[in-house]
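Read in order, the letters of the sequence shown correspond to residues 391 to 784 in the working numbering. Glycine is no exception: its CB is placed at the ideal position from the N, C-alpha and C atoms.
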Amino acid sequence: MNIKSKTKLINILFLLINLFSPLMVFDFKIANINMNISMNVYAASAVDTIDSDDDANEDSKNSKSIDSADSSDSSDSSLSSDNLFNEKIVKIGSSQKIFIITNDNKDITPGDYITIIRNDQLIARALVAKVKENQAGIKITKIYSIANWNTLKANSNIKILKGDDTYYLNEKKRKADAIKAASSKQPIDETKDDFNSEVLSEKDLLSDNSTDDSDEASEEKGKRSLKTDNMIAGGYGLLPATGADGATKRYAHWNLEWAYQLRDNFWAEALYGQSTMKSFPATDLDTKAQNMIFRLKYSFAVPFYSYVLPYLGYQIVKASCEGAGEKRGGDDALVGDKKKNRDDERNAEPDLVNNIEKKSIVYGVTLLKRLVPGWFVRADVGTDLLNIGFSFEF
């Protein structure tokens, strides 16, 4: 018998008692007890109702939680556009590894790893080094596609994926495998990740062992020890000159060079430099020398990120000295042997200046040692010039 049935019986019993009770006080007490019992029954009923509602709400919450989890799993299963935001390349460093991009969305901060995406293609992985106002400086750490990376330039619109891009990489690979399998009717190998195997590390970038998506471009660049076409250099050298006593002296020679890779490993180079030879050909005279060298080089890669470029070239040196061979103050006052010796020295001055001038075939070797991507320390050792300096490739 449940609580409500018992309550009805008790109410009937108390009603009969009230009919036969002569005392109002007793009647009041009985009524009070009846009310209390009714309230208790109502409370018990309310609790049962609340418990029932709670159970229903809990089931509803669990159902919603499950639906939410399913929805979350569904949203994670594909990369939505909310994960990407649009930015623009402001500037690309000369080494091609340092980029300045906009940060109009204010979504990236120093230390963030980001992925550059363009035309729905993953191009490169980068580390955010610095953020200032609405711009950010990033350092390229991985290149997913050399062909796509080479298309990047200033003012290019790009998409930025912040954080982990592993799922996106695998998703792109699965789609590519699905298309390939559909065309070849071969099963997809889910465990194979050829896409990530082509990622280039910083060591690969430094050593220039880059690969290209295009077979033709990859074959062409694979033959080159130095991948770039242009290289400029500045140097300090020593230019030789023979004095009146027959001794050869070397004078400071500042110069600039530009080299162009005509075809794989074959370079054409032009050098121009100037020297001011103090106290030559006489102690009170200075000589200005202009040096031009044209070289053909062939480059070899050697260990420790270094390169050897033997060369064969042609050198043209022009020299000029104002006052050489002319009388100067005090010459007329000399007599005897002093006058004769001075005349001989003065007559020899133009010849000494002319001896500096030459047109000849030269040969030697250039040594390059990579410092950082794009920059080299260099040395030229040859019959034309002894020279050291720095080179920059672009």
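Check: From W644, G483, Q511, E523, residue whose alpha carbon lies closest to that of T499; Outcome: E523
Check: CA nearest to the CA of Y704, picked from V698, E659, T673; Outcome: E659
Check: Contacting residues, own chain, Cβ-Cβ under 7 Å from N547 (five flanking each side not counted); Outcome: N476, K478
Check: 7 Å CB neighbourhood of V771 in its chain, flanking five on each side removed; Outcome: G754, V755
Check: Sequence-distant residues of its chain with Cβ nearer than 6 Å to K749 (five each side left out); Outcome: I706
Check: N538: first and last residue of the uninterrupted alpha helix (DSSP H) it sits in; Outcome: 536–539
Check: For G625, the three-state DSSP class (helix, strand or coil); Outcome: strand
Check: Burial state of V762, where buried means 16 or more other Cβ atoms lie within 10 Å; Outcome: exposed
Check: Integer-rounded CB distance, given that K532 should sit under 8 Å from R515; Outcome: 4 Å
Check: Option nearest G501 by Cα separation, candidates L724, R736, K552, R614; Outcome: K552
Check: Distance between beta carbons of L542 and I490, contact taken as under 8 Å; Outcome: Not a contact, Cβ separation roughly 12 Å.
Check: Assigned exposure category for I506 - 16 Cβ within 10 Å defines buried; Outcome: buried
Check: Distance between R760 and A526 (C-alpha atoms, nearest Å); Outcome: 27 Å
Check: Within 8 Å, strictly: CB atoms of N620 and F784; Outcome: yes
Check: Residue from W657, G715, S535, L775 with nearest C-alpha to F690; Outcome: W657
Check: V767 vs T677 beta-carbon contact at 8 Å; Outcome: no
Check: Three-state class that DSSP yields for L542 in the structure shown; Outcome: coil
Check: Alpha-carbon to alpha-carbon, A572 and L512; Outcome: 23 Å
Check: 8 Å Cβ shell around P671 - same chain, five flanking residues per side excluded; Outcome: G633, A634, T677, C711, A714, A738, E739, L742, V743
Check: Close Cβ partners of A769 (< 6 Å) along its chain, the five nearest in sequence each way excluded; Outcome: L757, I778
Check: CB of L628 within 8 Å of CB of A637, strictly; Outcome: no
Check: Among K520, R736, I683, the one whose alpha carbon lies nearest that of T673; Outcome: R736
Check: Nearest-angstrom beta carbon gap, V521 and N493 [assumed within contact, 8 Å]; Outcome: 6 Å
Check: Among K617, A519, L776, nearest to N540 - alpha-carbon criterion; Outcome: K617
Check: Beta-carbon proximity list for S461, same chain, < 7 Å, skipping 5 on both sides; Outcome: Confidence at S461 is low in this model, with a pLDDT of 39, below 50, so the placement of that residue is unreliable and no value is reported for it.
Check: Whether A519 touches I530 by CB criterion (8 Å); Outcome: no
Check: Candidates Q651, Y701, V480: closest to S615 by CA position; Outcome: Q651
Check: Nonlocal neighbours in the same chain, by C-beta distance under 8 Å from E716, ignoring five residues either side; Outcome: R736
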